[in-house]
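Residue numbers (the working numbering), protein chains in the order written: chain E, 9 to 269; chain X, 9 to 269.
Where is the CB? At the ideal position from N, CA and C, for every residue including glycine.
There are 2 protein chains.
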Amino acid sequence: MGTITKALKLLNYFSIHRAEIGLSEFKALSVQDKATVYRHLCELQENGFIEQDPISKNYRLGPAVLRLATVREQTFPMREAVSTIVDELSRQLGELVHVSLYEGGYMSPLYHADIQPHGTRVYFDEGELLPMHATSSGLAMLAFGGDGILNQLLKAPLVDFTGHTITSPKDIKQYVQRVRDQGYALSEEGFEKEVFSMAVPVFNQGEVSIGTIAVALPHSRLTKAVQEKILTQLKQGGRDVTNVLGGTVPEKLEGAWEDAV
Amino acid sequence: MGTITKALKLLNYFSIHRAEIGLSEFKALSVQDKATVYRHLCELQENGFIEQDPISKNYRLGPAVLRLATVREQTFPMREAVSTIVDELSRQLGELVHVSLYEGGYMSPLYHADIQPHGTRVYFDEGELLPMHATSSGLAMLAFGGDGILNQLLKAPLVDFTGHTITSPKDIKQYVQRVRDQGYALSEEGFEKEVFSMAVPVFNQGEVSIGTIAVALPHSRLTKAVQEKILTQLKQGGRDVTNVLGGTVPEKLEGAWEDAV
DNA sequence: TAAAGTCGGTTCATTATTTGAACCTACGGT
DNA sequence: ACCGTAGGTTCAAATAATGAACCGACTTTA
């Protein structure tokens with residue numbers, strides 16, 4: 009792992025639940041020498057990617073990420089483009105829908121909507137990375153995102169989040185093959201208890217998927233009929249997102265997706 | 009300059025006007041060896057900070073910046089906090105108002121508003137970094153942002169953008185001292201022709217400024233009376249932004265700002 | 001109140017990573 | 001068939017990253 013990667017990975021420890029992180033906590037999280045972490049933090053700070061609270065000395069994300077996000081969204085308004093599709097799909101299904109993109113071994117949420125009539129809802133955080141092997145999004149990505157991603161994933165041992173998570177490389181490979189055949193991925197409580205999710209890949213120009221569109225719902229609301237309905241709509245969502253990104257659905261998926269208009 | 013900084017600086021070449029950049033263009037812009045740039049780009053890509061167009065092979069900003077911006081704004085909603093103040097001030101003055109934060113030798117726009125009745129308006133891009141010595145924001149920051157910033161700036165030669173830009177270290181130091189005394193900074197066509205701007209520092213906890221609030225308008229609309237009105241309101245804006253960020257205006261500014269409520 | 005622990009930050013010799021000239025391959029134009 | 005330019009790769013040489021030990025300030029504990 010290069011120096012740049014080590015430094016950038018530090019930024020991923022920030023989340024809704026960890027808005028500020030001190031030096032020692034960074035050291036513990038990243039399992040690196042304190043001096044190394046400190047120097048990396050200094051360079052990140054010099055470039056505005058983090059800033060330090062003058063009193064508590066804790067670090068938080070800096071203004072640079074806001075500016076770069078503005079540039080990205082102004083020049084390549086992917087979030088805005090998918091938002092209407094995701095909103096509409098969430099409204100139709102009455103469940104949580106999200107589009108996520110592959111990013112350095114995880115799925116990175118791009119946009120989500122949860123326009124729904126039910127009392128219970130699935131917790132979802134747009135700022136939190138999703139693991140590949142434990143989520144339907146990740147599994148769909150592994151199936152259609154090119155071989156490099158799968159090989160990358162299997163280098164390290166896989167975490168069992170719930171007791172239901174698929175963790176053995178053999179099972180992963182087998183399931184990924186199944187996803188390739190059926191054109192969608194399912195995850196039953198692979199990441200969070202009581203949560204069931206389904207995902208299909210989305211594409212821009214090029215044969216490999218860049219991300220996924222997924223639906224997540226409480227296990228209790230799942231019936232055969234609901235699953236069928238969601239899957240059909242999800243495939244259509246996959247088509248729509250792919251189109252709005254200027255891509256085309258690969259021929260190998262046409263068979264599996266023929267039930268969607 | 010460390011490896012991390014070199015890599016992060018590459019991201020700053022992206023802007024509204026340069027949404028995609030190829031390897032050779034990066035090499036030219038950064039004046040580094042092609043192999044070095046390439047490896048840096050690879051690491052940035054592996055971490056989702058940039059992505060590569062599969063066809064044109066050009067690079068663009070990646071999904072990671074969006075995610076991190078979401079985390080930052082969810083945990084530390086500075087943009088949202090200042091937006092109401094900036095909107096209101098822009099409405100009152102009928103001119104462009106922006107809040108910008110210091111970031112690695114430049115001012116990084118955080119939020120801007122241009123609610124105004126006039127036909128001509130000042131061009132402003134929230135995704136573009138502002139130079140320190142040529143803008144009122146930068147000069148206000150130099151005056152109140154701590155000594156490190158000024159020393160940092162004077163290490164490299166300063167660009168003359170319009171023929172009116174202050175570029176000599178002696179003049180900069182002299183003007184910065186004046187800004188400290190009067191509590192605000194002016195820039196007459198220092199960055200863009202025909203544009204006049206005024207800025208005051210804003211603070212969070214701590215004695216040094218973290219950014220500025222500024223007004224920019226066409227030179228043609230500037231009168232003594234307008235300038236007076238804007239300055240008074242701007243100081244009030246500086247107070248308001250400082251308050252909403254949980255900071256306090258330093259005592260050394262109280263004298264210069266006493267005309268604002 | 002003295003000792004022990006924790007925190008952010010610093011130092012310097014050792015080590016490993018970054019670096020860049022040269023090279024390779026593919027493509028579009030002439 | 002040639003040239004120029006593009007993205008990408010290689011390997012020895014050089015530079016930058018590393019981490020154990022250290023420092024001073026502040027808290028906790030006995």
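- Is the closest heavy atom of the ligand NAP to the C-beta of X:F22 under 6 Å? Absence of the ligand NAP from the depicted structure is noted, as is the absence of any ligand whatsoever, leaving it without description.
- Message: For X:L147, report the span of its alpha helix (DSSP H) as first-last.
- Response: For this step, residue 147 of chain X is matched to residue 139 along the second sequence. Unbroken alpha helix (DSSP H) run through X:L147: S144 to F152.
- CA-to-CA distance, E:K163 to E:L101, given in whole angstroms: As a working note, residue 101 of chain E is residue 93 in the first sequence. As a working note, residue 163 of chain E is residue 155 in the first sequence. Answer to the nearest angstrom: the Cα atoms are 37 Å apart.
- Query: Using a beta-carbon distance cut-off of less than 9 Å, what residues from the segment 79-95 of chain X approach chain E?
  - Reply: V79, R80, E81, Q82, T83, F84, M86 and R87
- Query: Counting only beta-carbon atoms, is X:V24 nearer than 7 Å to chain E?
  - Reply: The count along the second sequence starts at 1 and reaches residue 24 of chain X at position 16. For the sequence presented, residue 24 of chain X should be read as Ile rather than Val. Closer than 7 Å: yes.
- Message: Which residues in chain E have a C-beta closer than 7 Å to the C-beta of X:L109? List them in chain order.
- Response: The residue given as residue 109 of chain X occupies position 101 in the second sequence. Correct list: P71.
- Evaluate contact between the segment 187-201 of chain X and the segment 136-154 of chain X, counting only Cβ atoms and requiring at least three cross-stretch pairs below 8 Å. yes
- Query: Where X:T240 and X:L194 are concerned, what is the direct C-alpha to C-alpha distance, given to the nearest angstrom?
  - Reply: Here residue 240 of chain X refers to the residue found at position 232 when the second sequence is read from its first residue. Here residue 194 of chain X refers to the residue found at position 186 when the second sequence is read from its first residue. One C-alpha to the other measures close to 13 Å.
- Output yes if chain X places a C-beta closer than 7 Å to the C-beta of E:G214; else output no. As a first step, residue 214 of chain E is located in the first sequence; it is residue number 206 there, counting from the start. So, interface residue.
- Message: At the 7 Å Cβ level, is X:S217 part of the contact set with chain E, yes or no?
- Response: Numbered from its first residue, the second sequence carries residue 217 of chain X at position 209. It does not: the Cβ of X:S217 has no partner Cβ on chain E nearer than 7 Å.
- Item | CB of X:Y114 within 7 Å of CB of X:L137, strictly | Counting from one through the second sequence, the residue named residue 114 of chain X turns up at place 106. Counting from one through the second sequence, the residue named residue 137 of chain X turns up at place 129. Yes, they are a contact pair.
- Message: Suppose the cutoff is 7 Å on Cβ atoms and the five residues either side in sequence are ignored; what does the same chain contact list for X:I174 look like?
- Response: Taking the second sequence and counting its residues from 1, one reaches residue 174 of chain X at position 166. Same-chain partners within the cutoff: H141, I180, Y183 and G198.
- Query: Is any beta-carbon of chain X found at less than 7 Å from that of E:E259?
  - Reply: Translated into the one-based positions of the first sequence, residue 259 of chain E becomes position 251. No, E:E259 lies away from the interface with chain X (no Cβ there is under 7 Å from its Cβ).
- Message: Quick check on X:Q213: buried or exposed, where buried means 16 or more other Cβ atoms within 10 Å of its Cβ?
- Response: For this step, residue 213 of chain X is matched to residue 205 along the second sequence. With fewer than 16 Cβ atoms within 10 Å of its Cβ, X:Q213 is classed as exposed.
- Quick one, are the C-beta atoms of E:K243 and E:A268 less than 7 Å apart? Position 235 of the first sequence, counting from 1, holds the residue named residue 243 of chain E. Position 260 of the first sequence, counting from 1, holds the residue named residue 268 of chain E. Contact: yes.
- Query: Would you call the CB atoms of E:A121 and E:V94 closer than 7 Å?
  - Reply: Position 113 of the first sequence, counted from the first residue, corresponds to residue 121 of chain E. Position 86 of the first sequence, counted from the first residue, corresponds to residue 94 of chain E. Yes. Within cutoff.
- Note down the Cα distance separating X:T231 from X:K201, rounded to an integer number of angstroms. Taking the first residue of the second sequence as position 1, residue 231 of chain X is located at position 223. Taking the first residue of the second sequence as position 1, residue 201 of chain X is located at position 193. Cα-Cα distance, rounded: 17 Å.
- Task: Following the continuous beta strand (DSSP E) through E:F34, name the residue where it begins and the one where it ends.
- Result: Position 26 of the first sequence holds residue 34 of chain E. Premise fails: E:F34 lies in the alpha helix (DSSP H), L31 to S38, not in any beta strand (DSSP E).
- Query: Could you give the residue range of the beta strand (DSSP E) that holds X:Y131?
  - Reply: Position 123 of the second sequence, counted from the start, is the residue given in the question as residue 131 of chain X. It is not in any beta strand (DSSP E) - X:Y131 carries neither H nor E in the DSSP assignment.
- Beta carbon of X:P258, beta carbon of X:E215: below 7 Å? Position 250 of the second sequence, counting from 1, holds the residue named residue 258 of chain X. Position 207 of the second sequence, counting from 1, holds the residue named residue 215 of chain X. Yes, the pair counts as a contact, with Cβ atoms nearer than the cut-off.
- Query: Which residue's Cα is closest to the Cα of X:Y110: X:A148, X:V90, X:D133 and X:A89?
  - Reply: As a first step, residue 110 of chain X is located in the second sequence; it is residue number 102 there, counting from the start. Minimum Cα distance to X:Y110 is reached at X:A148.
- Should E:E33 and E:R68 be called a contact, given that it needs their Cβ atoms to be closer than 7 Å? Reading the first sequence from its first residue, position 25 is the one you call residue 33 of chain E. Reading the first sequence from its first residue, position 60 is the one you call residue 68 of chain E. No, Cβ-Cβ distance for E:E33 and E:R68 is not below 7 Å.
- Given a threshold of 16 other Cβ atoms within 10 Å of its Cβ, counted over all protein chains shown, does E:I238 qualify as buried or as exposed? Indexing the first sequence from 1 puts residue 238 of chain E at position 230. Answer is buried; the Cβ neighbour count reaches 16.
- By a C-beta neighbour count over all protein chains shown, 10 Å radius and 16 as the cutoff for buried, is X:R75 buried or exposed? Here the question's residue 75 of chain X lines up with position 67 in the second sequence. Answer is buried; the Cβ neighbour count reaches 16.
- If the cut is a Cβ gap below 9 Å, which residues of chain X does E:S38 touch? As a first step, residue 38 of chain E is located in the first sequence; it is residue number 30 there, counting from the start. The contacting residues do not exist; E:S38 stays about 14 Å from chain X at best.
- Query: Between the C-alpha atoms of E:G3 and E:V210, what's the straight-line distance to the nearest angstrom?
  - Reply: The structure shown does not extend to residue 3 of chain E, since chain E is modelled only from 9 to 269, so the question has no answer here.
- Close Cβ partners of E:R129 (< 7 Å) along its chain, the five nearest in sequence each way excluded: Translated into the one-based positions of the first sequence, residue 129 of chain E becomes position 121. Only L104 and D122 meet the Cβ criterion.
- Item | C-beta atoms of X:G112 and E:G56 nearer than 7 Å | Residue mapping note: residue 112 of chain X aligns to position 104 of the second sequence, counting from 1. Residue mapping note: residue 56 of chain E aligns to position 48 of the first sequence, counting from 1. Going by C-beta atoms, X:G112 is nearer than 7 Å to E:G56.
- Any idea what DSSP makes of X:Q100, helix, strand or coil? The residue you call residue 100 of chain X lines up with position 92 of the second sequence. In the structure shown, X:Q100 sits in a helix (DSSP, three-state: H, G or I).
- Item | DSSP three-state assignment for X:S195, whether helix, strand or coil | What you label residue 195 of chain X is simply residue 187 of the second sequence in a count that begins at 1. X:S195: strand per DSSP, three-state reduction.
- Since X:T220 is in the beta strand (DSSP E), which residue starts that stretch and which ends it? Position 212 of the second sequence, counted from the first residue, corresponds to residue 220 of chain X. Unbroken beta strand (DSSP E) run through X:T220: G219 to P226.
- Secondary structure at E:P177, three-state DSSP: helix, strand or coil? Indexing the first sequence from 1 puts residue 177 of chain E at position 169. Here E:P177 sits in helix by DSSP.
- In this structure, does DSSP put X:I238 in helix, strand or coil? Mapped onto the second sequence, residue 238 of chain X falls at position 230. If DSSP states are grouped into helix, strand and coil, X:I238 belongs with the helices.
- Expressed to the nearest angstrom, what Euclidean distance is found between the alpha-carbon atoms of X:P226 and X:A207? Within the second sequence, the letter at position 218 stands for residue 226 of chain X. Within the second sequence, the letter at position 199 stands for residue 207 of chain X. Straight-line Cα distance between these residues: approximately 15 Å.
- Query: Whose C-alpha, out of E:T250, E:I12 and E:E262, is nearest the C-alpha of E:S108?
  - Reply: Start at 1 with the first residue of the first sequence, and residue 108 of chain E comes out as number 100. When only C-alpha atoms are compared, the closest one is E:T250.
- Message: Could you check whether the Cβ of X:N66 sits closer than 7 Å to any Cβ belonging to chain E?
- Response: Translated into positions along the second sequence, residue 66 of chain X becomes position 58. So, not an interface residue.
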